[in-house]
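In this note's numbering, the protein residues as written are 4 to 284. One structure below.
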């Protein structure tokens, strides 16, 4: 009887790889009252590492197995069948491709309450592939159909209004952070600098500047590295630590830029990591 009283929510998201939006979804699922809400997660692509973690918490996860940035008939059929089967009270979609497909198939499935979720601002849309550009354009044309559009910042809302988004209602909910995980740690710096091999290099001391983001045009690593090269001329004691998927020594574009600036010794590329709170600390 109690289960029937719970509000059913489906979260439709583009991927369940490690990323900011995906982490916020996971935090939301772990923090909401399980007595009042039941959740179901659908990924347009694969289950991914975060999908596996969500499954471990008891929340059902389905993957439509569509290739990244592409739509398949089998994936769309699976989405339509899932939405008709679950019949959620609320469909919350995360990121552009999920917003577009969630709106269309949510309406076809008779879901009344559809909420879009926008997680970025100030994108250089010219740097994205044509499928993403068209998706954003279609979303702007259809933006008055969702009951509400949630953004994680005022800047995101203003940016999308300038793109032509016309929401019935905008709601800004800033990202939340667990202060039991993200907290000062006096030993963390020593552990990180030992890993980087710089703990004993500078007798006069040194400072670290960090940048945590996947490799993506939106994140603008090229600009960060250029700024690092400029800063290092003024402050030779600076080291820069970059963390994120695709930000490693296999990234030839980044490595060429770093070598051209002669910053190999001072720019440390750690790639995707599971210990981000410890690195930030």
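Every residue gets a Cβ at the ideal spot worked out from N, C-alpha and C, and that includes glycine. Note that this is a predicted model, so its numbers are computed, not measured.
Could you please give the first and the last residue of the uninterrupted beta strand (DSSP E) stretch that includes residue i?
| i | result |
| --- | --- |
| residue 66 | 64-66 |
| residue 244 | 241-246 |
| residue 215 | 210-215 |
Using only the alpha-carbon positions, how far apart do residue i and residue j sit?
| i | j | result |
| --- | --- | --- |
| residue 4 | residue 77 | Confidence in residue 4 is poor, its pLDDT being 44 and thus under 50, which makes the residue's placement unreliable; the coordinate value appears in the next sentence. Cα-Cα distance, rounded: 35 Å. |
| residue 215 | residue 222 | 9 Å |
| residue 109 | residue 86 | 7 Å |
| residue 19 | residue 62 | 14 Å |
| residue 280 | residue 17 | 25 Å |
| residue 34 | residue 218 | 29 Å |
| residue 265 | residue 170 | 48 Å |
| residue 48 | residue 21 | 13 Å |
| residue 241 | residue 235 | 6 Å |
| residue 256 | residue 224 | 10 Å |
| residue 247 | residue 84 | 35 Å |
| residue 55 | residue 238 | 43 Å |
Check this for me: beta carbons of residue i and residue j, under 9 Å apart or not?
| i | j | result |
| --- | --- | --- |
| residue 68 | residue 51 | no |
| residue 228 | residue 261 | yes |
| residue 155 | residue 27 | yes |
| residue 124 | residue 163 | yes |
| residue 93 | residue 145 | no |
| residue 122 | residue 141 | no |
| residue 273 | residue 251 | yes |
| residue 66 | residue 89 | no |
How far does the alpha helix (DSSP H) with residue i in it extend, from its first residue to its last?
| i | result |
| --- | --- |
| residue 99 | 99-111 |
| residue 256 | 255-263 |
| residue 229 | 224-237 |
May I ask whether a heavy atom of the ligand GTP can be found less than 8 Å away from the beta carbon of residue i?
| i | result |
| --- | --- |
| residue 193 | Questions concerning the ligand GTP fall outside what the structure shown contains, since it holds no ligand whatsoever. |
>> Report the start-end ranges of each alpha helix (DSSP H) in the stretch 136-196 that is 4 residues or longer and not cut off at the edges.
In response: 157-165
> Which whole runs of the alpha helix (DSSP H) in the stretch 23-90 are 4 residues long or more, in chain order?
Replying inline: Listed in chain order, they are 23-34, 51-59 and 76-89.
> Pairing CB atoms from the stretch 147-154 with CB atoms from the stretch 112-121, are three or more of them under 8 Å?
Replying inline: yes
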